[in-house]
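I have placed the structure first, in the form of structure tokens, so that the comments after it can refer back to it.
Numbering (the working numbering), first residue to last: 9 to 246.
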């Protein structure tokens, strides 16, 4: 997977600049379907790069940039097709294409095996589904969600010696610029059940041992909340 990632990345960079070069040679707009597809892919990647550089998009999270992979793949295919039209590079294009298919097949197989066999998979998938249900119930009930850092899928000690303080905003400037490890609030809010058009008020709590104390710290209008520690969730009254 790592080797394929490097090969795909290098080919993607070369194909991107080659595509820009080919489009720059065109003197006027054309009705060619291939032209429009290449233009779309290049513009999409330019916008994505701009968002990454400006800090509007976190590049280290695959699911936030996954849409760019098909665009890169299309540019690679287009580049190889251009090479095949030249007899000098026809053989090289065929070898690269075969190598890509072999690498892709190996990457898919090893990734699928690794995805379902690594030790933390069972715990993390349970956390994902439980957190999804907790978000849905909180949204439909119009009440806030109290969550612990364990919603990120990692196991943590829940035996706090004393109650702490709830936090209504865990996303720092470092989180926005992508220079820090993703916090649990970011992971919570990229869950598909967190609807940006119908957001759920979320508060991070240090643990679930002192939940009665944390319920008292909620803003006055709220008399109930959903408490989620990743694996389990329940509705609590103030």
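Quick reminder that beta carbons are idealized off the backbone N, C-alpha and C, glycines included.
Between the CA atoms of residue j and residue i - distance to the nearest angstrom
{"i": "residue 209", "j": "residue 199", "result": "14 angstroms"}
{"i": "residue 26", "j": "residue 105", "result": "17 angstroms"}
{"i": "residue 130", "j": "residue 123", "result": "10 angstroms"}
{"i": "residue 42", "j": "residue 119", "result": "32 angstroms"}
{"i": "residue 236", "j": "residue 196", "result": "11 angstroms"}
{"i": "residue 151", "j": "residue 224", "result": "14 angstroms"}
{"i": "residue 3", "j": "residue 70", "result": "Nothing can be reported for residue 3: it is not among the residues displayed for the chain, which extend from 9 to 246."}
{"i": "residue 213", "j": "residue 222", "result": "7 angstroms"}
{"i": "residue 3", "j": "residue 99", "result": "Because the chain in this structure spans residues 9 to 246, residue 3 falls outside the shown range and cannot be described."}
{"i": "residue 62", "j": "residue 89", "result": "34 angstroms"}
{"i": "residue 20", "j": "residue 33", "result": "20 angstroms"}
{"i": "residue 10", "j": "residue 226", "result": "46 angstroms"}
{"i": "residue 66", "j": "residue 103", "result": "35 angstroms"}
{"i": "residue 64", "j": "residue 24", "result": "22 angstroms"}
{"i": "residue 220", "j": "residue 246", "result": "7 angstroms"}
{"i": "residue 228", "j": "residue 143", "result": "21 angstroms"}
{"i": "residue 149", "j": "residue 211", "result": "16 angstroms"}
{"i": "residue 31", "j": "residue 22", "result": "14 angstroms"}
Contact test: residue i Cβ vs the ligand FMN heavy atom, cutoff 7 angstroms
{"i": "residue 141", "result": "Ligands displayed in this structure: none; no statement on the ligand FMN is therefore possible."}
Distance between beta carbons of residue j and residue i, contact taken as under 8 angstroms
{"i": "residue 135", "j": "residue 238", "result": "4 angstroms"}
{"i": "residue 161", "j": "residue 132", "result": "4 angstroms"}
{"i": "residue 179", "j": "residue 159", "result": "Not quite, the Cβ-Cβ distance comes to about 14 angstroms (not below 8 angstroms), so this is no contact."}
Own chain partners of residue i with C-beta closer than 8 angstroms, once the 5 adjacent residues on each side are dropped
{"i": "residue 52", "result": "75, 76, 79"}
{"i": "residue 218", "result": "168, 170, 171, 172"}
{"i": "residue 141", "result": "201, 241"}
Same chain only: Cβ atoms within 6 angstroms of residue i, ignoring 5 sequence neighbours per side
{"i": "residue 85", "result": "none"}
{"i": "residue 91", "result": "97, 101"}
{"i": "residue 230", "result": "152"}
{"i": "residue 126", "result": "none"}
Which listed residue (the options) has its alpha carbon closest to that of residue i
{"i": "residue 175", "options": "111, 215, 115", "result": "215"}
{"i": "residue 12", "options": "32, 50, 109", "result": "109"}
{"i": "residue 128", "options": "62, 163, 142", "result": "163"}
{"i": "residue 233", "options": "244, 178, 20", "result": "244"}
{"i": "residue 46", "options": "22, 82, 19, 20", "result": "82"}
{"i": "residue 50", "options": "87, 115, 177", "result": "87"}
{"i": "residue 139", "options": "246, 225, 192", "result": "192"}
{"i": "residue 48", "options": "179, 28, 159, 62", "result": "28"}
{"i": "residue 16", "options": "112, 61, 226", "result": "112"}
{"i": "residue 14", "options": "66, 115, 40, 30", "result": "115"}
Close beta carbons around residue i, own chain, < 7 angstroms, minus the five adjacent residues each side
{"i": "residue 147", "result": "203, 206, 208"}
{"i": "residue 145", "result": "234"}
* Would you check if there are 3 or more beta carbon pairs closer than 8 angstroms linking the stretch 55-66 to the stretch 150-166? => no
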